[in-house]
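Line by line, the protein sequences give chains A and B. Taking this note's numbering, I'd label the letters of the first sequence as residues 7 to 118. Taking this note's numbering, I'd label the letters of the second sequence as residues 853 to 965. Even for Gly, the Cβ is constructed at its ideal location relative to N, Cα and C. For reference, the structure is listed below as structure tokens.
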Amino acid sequence: DTEVTQTPKHLVMGMTNKKSLKCEQHMGHRAMYWYKQKAKKPPELMFVYSYEKLSINESVPSRFSPECPNSSLLNLHLHALQPEDSALYLCASSQVGVYGYTFGSGTRLTVV
Amino acid sequence: AQRVTQPEKLLSVFKGAPVELKCNYSYSGSPELFWYVQYSRQRLQLLLRHISRESIKGFTADLNKGETSFHLKKPFAQEEDSAMYYCALNGVITQGGSEKLVFGKGMKLTVNP
Chain A
7 DTEVTQTPKH
17 LVMGMTNKKS
27 LKCEQHMGHR
37 AMYWYKQKAK
47 KPPELMFVYS
57 YEKLSINESV
67 PSRFSPECPN
77 SSLLNLHLHA
87 LQPEDSALYL
97 CASSQVGVYG
107 YTFGSGTRLT
117 VV
Chain B
853 AQRVTQPEKL
863 LSVFKGAPVE
873 LKCNYSYSGS
883 PELFWYVQYS
893 RQRLQLLLRH
903 ISRESIKGFT
913 ADLNKGETSF
923 HLKKPFAQEE
933 DSAMYYCALN
943 GVITQGGSEK
953 LVFGKGMKLT
963 VNP
């Protein structure tokens, strides 16, 4: 298995809802990432997990809460989001070190 | 400041023409550079990494430390090369002292028949 799988592919949520995005990989990668991508913009890093521990939080608002339950799974818990949080959320994984990232196809989130 | 710059947003060429997608970087130390490609309605994919010095889908990219560039080139463009291309720099230091991968703003390549 050489893919990063993200679910759901699309999500519409209200500003008072709580939802979670899921990401899974079985490549043995020990680094996992959440990126946010707005339309026609490059991906922007949100969080990095290395060996299941949070190593980077790019000053992301607390309404986004990441979780890495094991080496294959990465979640992003969402609560009280704002319409401006609507974007494509990308998960990626890599070996730790100088390697390219493998990206999932993303979850397209719309906050209404 | 450590950053990667793609000076052009759009490039449109005809099939068979050469293409060069420019990427410049600012980095103190030895940079780790990548090219990623995003085809329409597809996921972001790694195309090239400078340490591999490989050719993928006819594309090559050479790191030029003197000019701080990592331009992506292909001698004969194909219609299926139409996509968004992102240059990326690894090793940018965050406020917490960790390293991260940052992307340039991207360039849209259109190859016309």
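- Taking C-alpha positions only, GLU931 of chain B is separated from VAL865 of chain B by approximately 9 Å.
- The Cβ atoms of ARG114 of chain A and LEU84 of chain A do not sit closer than 8 Å to each other.
- Between LYS957 of chain B and LEU51 of chain A the beta-carbon gap is near 15 Å, outside 8 Å, which marks them as no contact.
- Counting only Cβ-Cβ distances below 8 Å, LEU51 of chain A has contacts in chain B at LYS952, LEU953 and VAL954, in chain order.
- Taking the CA atoms as reference points, LYS47 of chain A sits about 14 Å from ARG895 of chain B.
- Interface residue (Cβ-Cβ distance to chain B less than 8 Å): PHE70 of chain A is not classified as such.
- Of B:TYR879, B:LEU885 and B:VAL889, the smallest CA-CA separation from MET936 of chain B is found for B:VAL889.
- An exposed status is given to SER878 of chain B, since fewer than 16 other beta-carbon atoms sit within 10 Å of its beta-carbon.
- Inter-residue distance for LYS42 of chain A and VAL117 of chain A is about 14 Å (C-alpha atoms, whole angstroms).
- Taking each of A:PRO67, A:SER100 and A:SER99 in turn and checking the Cα distance to GLN88 of chain A, the smallest one comes out for A:PRO67.
- Contact of VAL54 of chain A with chain B by beta-carbon distance below 8 Å involves SER950 and LYS952.
- Looking at the DSSP output, LYS28 of chain A shares a beta bridge with A:THR13 and A:ASN81.
- Runs of the beta strand (DSSP E) spanning 3 or more residues and lying entirely within the region 874-910 of chain B occur at 876-878, 884-890 and 897-901, in chain order.
- In the DSSP assignment, CYS97 of chain A is bridged to A:TRP40.
- Only those residues of the region 863-882 of chain B whose C-beta falls short of 8 Å from the nearest C-beta of chain A would be listed, and there are none.
- In terms of Cα proximity to ILE908 of chain B, the closest of B:ARG855, B:GLU919, B:ASN942 and B:LEU899 is B:LEU899.
- By the Cβ rule, the region 17-37 of chain A counts as touching the region 101-112 of chain A, because three or more pairs are nearer than 8 Å.
- Looking at the backbone, the Cα of LEU60 of chain A and that of GLU73 of chain A are separated by about 8 Å.
- Contact between MET19 of chain A and ALA86 of chain A does not hold, since the beta-carbon distance rounds to 10 Å and is not under 8 Å.
- Judged by beta-carbon spacing, LEU96 of chain A lies beyond the 8 Å limit of SER26 of chain A, meaning their Cβ atoms are not closer than that value.
- Put simply, the backbone Cα of ASN23 of chain A is about 31 Å away from that of PHE955 of chain B.
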